[in-house]
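Going by my numbering, the sequence shown wraps up at 211, each residue one higher than the last.
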Amino acid sequence: MTLPEFLAWEERQDLRYEFDGFRPVGMTGGTVAHDEITFNIRSAMGTRLGGKPCRPLGPNVKIVADGKVYYPDAFVTCRPVAPKATVAEEPVVVFEVTSEGSHQTDLIVKNRSYRATPSIQRYIIVQQTQKAAIVFMRRDEDWLTEIVSGDNAVLHLPEIEIMVPLEELYRNVELEPLPEDER
Numbered sequence: 029m030t031l032p033e034f035l036a037w038e039e040r041q042d043l044r045y046e047f048d049g050f051r052p053v054g055m056t057g058g059t060v061a062h063d064e065i066t067f068n069i070r071s072a073m074g075t076r077l078g079g080k081p082c083r084p085l086g087p088n089v090k091i092v093a094d095g096k097v098y099y100p101d102a103f104v105t106c107r108p109v110a111p112k113a114t115v116a117e118e119p120v121v122v123f124e125v126t127s128e129g130s131h132q133t134d135l136i137v138k139n140r141s142y143r144a145t146p147s148i149q150r151y152i153i154v155q156q157t158q159k160a161a162i163v164f165m166r167r168d169e170d171w172l173t174e175i176v177s178g179d180n181a182v183l184h185l186p187e188i189e190i191m192v193p194l195e196e197l198y199r200n201v202e203l204e205p206l207p208e209d210e211r
């Protein structure tokens, strides 16, 4: 299946699918914690980006990254998006919230696609069970990685000129206690 064939096919489906470059991949359901974190990301972005040209979208709008189609949990684009559009062009910052079943895909497969997409400057994998995020940021032709964690941590997003306390992403989310040896 080609990308245009997939996009036309998916528009006729009742369920959502991502595209791995060859075939449709069914989307699975999530948890309440996942949904709360995703909502908090979009709220934090929306509050800080109000009145600016960039805007948060997701998880019901798709992006094309390296010839594949994904529904990121949240992302920011600085290009205008038509109200009836189902695909947003040129995402700048992309967020995925991990789950037990998606961690490897988020860390390896999607990471590879997002890195190959020139508009994406920052990819953030937000953990669902602990206040932590893995941040991948583009620096010219290279990518740097940073772990952001803890109650006082802040996500710096210079590409869209904002900062967000990590704590804000976990509002109303009950986290698992850290094991004794990790405290």
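Backbone N, C-alpha and C define an ideal beta-carbon position, used for all residues, glycine too.
Bear in mind the structure is a predicted one, so any value in this text is a computation, not a measurement.
Between residue i and the rest of its own chain, which residues show a CB-CB distance below 6 Å, the 5 nearest in sequence each way excluded?
i, result
"residue 107", "117, 118"
Using 8 Å for Cβ pairs, my map puts residue i next to residue j. What's the rounded Cβ distance?
i, j, result
"residue 46", "residue 99", "6 Å"
Quick one: grab the DSSP three-state call for residue i.
i, result
"residue 168", "coil"
"residue 99", "coil"
"residue 39", "helix"
"residue 146", "coil"
"residue 117", "coil"
"residue 191", "strand"
"residue 67", "helix"
"residue 84", "strand"
"residue 123", "strand"
In chain order, what residues of the same chain have a beta carbon less than 7 Å from the beta carbon of residue i, not counting five sequence neighbours either side?
i, result
"residue 94", "141, 144, 145"
"residue 195", "159, 179"
"residue 72", "192, 196, 197"
"residue 44", "55, 99"
"residue 134", "124, 126, 153"
With distances taken from CA atoms, which of the options is nearest residue i?
i, options, result
"residue 20", "173, 127, 204", "Residue coverage of the chain in this structure runs from 29 to 211, which leaves residue 20 outside it and unanswerable."
"residue 182", "166, 162, 167", "162"
"residue 82", "129, 122, 59", "122"
Identify, in the order they occur along the chain, each residue of the same chain with its Cβ nearer than 8 Å to the Cβ of residue i, setting aside the five sequence neighbours on each side.
i, result
"residue 84", "69, 70, 73, 74, 77, 102, 103, 104"
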